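Engineer: Just so we're aligned: 95 in our numbering is position 91 of the sequence shown, and the numbers increase by one with no gaps anywhere.
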Amino acid sequence: MSCPATSAQATLALIPITNPFITNQGSVFADPDGVQTTPKLNSITMNCIAKSAGDTDGDGCSDATENGSDPVQGGDRDWLNPWDFYDVAIAGGLPGKDGVVDLANDYMQVSAHFSPSGGPPYDIQYDRGTWGPGGSWNNTQGPDGVIDLPNDILGVIQQLGHSCA
Ligand SMILES: [Ca+2]
Ligand SMILES: [Ca+2]
Ligand SMILES: [Ca+2]
Ligand SMILES: [Ca+2]
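(1) Under the rule that 16 or more other beta-carbon atoms within 10 Å means buried, what is D131, buried or exposed?
(2) On a Cα-Cα basis, can you pick out the residue from P86, V76 and T41 that is closest to Q129?
(3) By the three-class DSSP mapping on this structure, what secondary structure does I26 have?
(4) Tell me whether N155 is buried or exposed, calling it buried when 16 or more other Cβ atoms sit within 10 Å of its Cβ.
(5) Taking 7 Å as the line, does the beta carbon of N85 fall inside it for any heavy atom of ligand 2?
(6) Which term fits I26, buried or exposed, when burial requires 16 or more other beta carbons within 10 angstroms of its beta carbon?
(7) For N23, count the other beta carbons within 10 Å of its own beta carbon; 16 or more makes it buried, fewer makes it exposed. Which is it?
(8) For A116, which of helix, strand or coil comes out of DSSP?
(9) Please report the Cβ distance between S73 and G79, rounded to the nearest whole angstrom; I am assuming they are in contact, meaning their Cβ atoms lie under 8 Å.
(10) Touching or not, the region 48-55 and the region 155-168, by the rule of three or more beta carbon pairs under 8 Å?
(11) With distance defined between alpha-carbon atoms, name the residue in A14, V32, A169 and A17 nearest to V104.
(12) Let's see if you can read the secondary structure: which residues bound the alpha helix (DSSP H) around L158?
(13) Quick one: give me the first and last residue of the alpha helix (DSSP H) that T4 is part of.
(14) Considering just the uninterrupted stretch of the beta strand (DSSP E) at A169, what are its terminal residues?
(15) Mind checking which residues open and close the alpha helix (DSSP H) that includes A68?
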């Protein structure tokens, strides 16, 4: 069972094995002597709570935004992955993380720190790791010690124009 995107409530209940509609599929307790007893059946209420306006992973996109379907508007992302929005700070400068992945700030800063061997001008704040399971940009993992073409440069290019601002 999985929760829908919006808040919902569902009631789960054990069905006794004596129920005539479920041939021998219901709940029953059998003791070591083989004596079967129908257990006391209390229902369980499952509450599904809609993702909030909070930003659980702290990447600048709200949980609800990341749950959306349009990547350009910050969607198609993981609300528990802090690395899937390639908005970077600028060392000692403005605007820093501004909620937008753009050419002038984010791409330029990542490419300016291109370091396929991990030496200078490497800077961890521009580093992302592999694209994780499935090999898609929105599965980007944390820093891997190098700023290279396949993960970092192509990663930020994939997200140019994406905005959570
Ligand atoms: Ca987030
Ligand atoms: Ca995220
Ligand atoms: Ca930015
Ligand atoms: Ca990297």
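For each residue, glycine too, the CB sits at the ideal point set by N, CA and C.
If you're wondering where the values come from, they're calculated on a predicted model, not measured in any experiment.
Structural biologist: Short version:
(1) With 16 or more Cβ atoms within 10 Å of its Cβ, D131 is classed as buried.
(2) Per the Cα distances, P86.
(3) coil
(4) buried
(5) yes
(6) exposed
(7) Around the CB of N23, fewer than 16 other CB atoms lie within 10 Å, so the residue is classed as exposed.
(8) DSSP places A116 in helix when its eight states are reduced to three.
(9) 5 Å
(10) no
(11) Closest by alpha carbon: A169.
(12) L158 to Q162
(13) The displayed coordinates of the chain run from 5 to 169. Any statement about residue 4 would go beyond what the structure contains.
(14) It is not in any beta strand (DSSP E) - A169 carries neither H nor E in the DSSP assignment.
(15) D67 to E70
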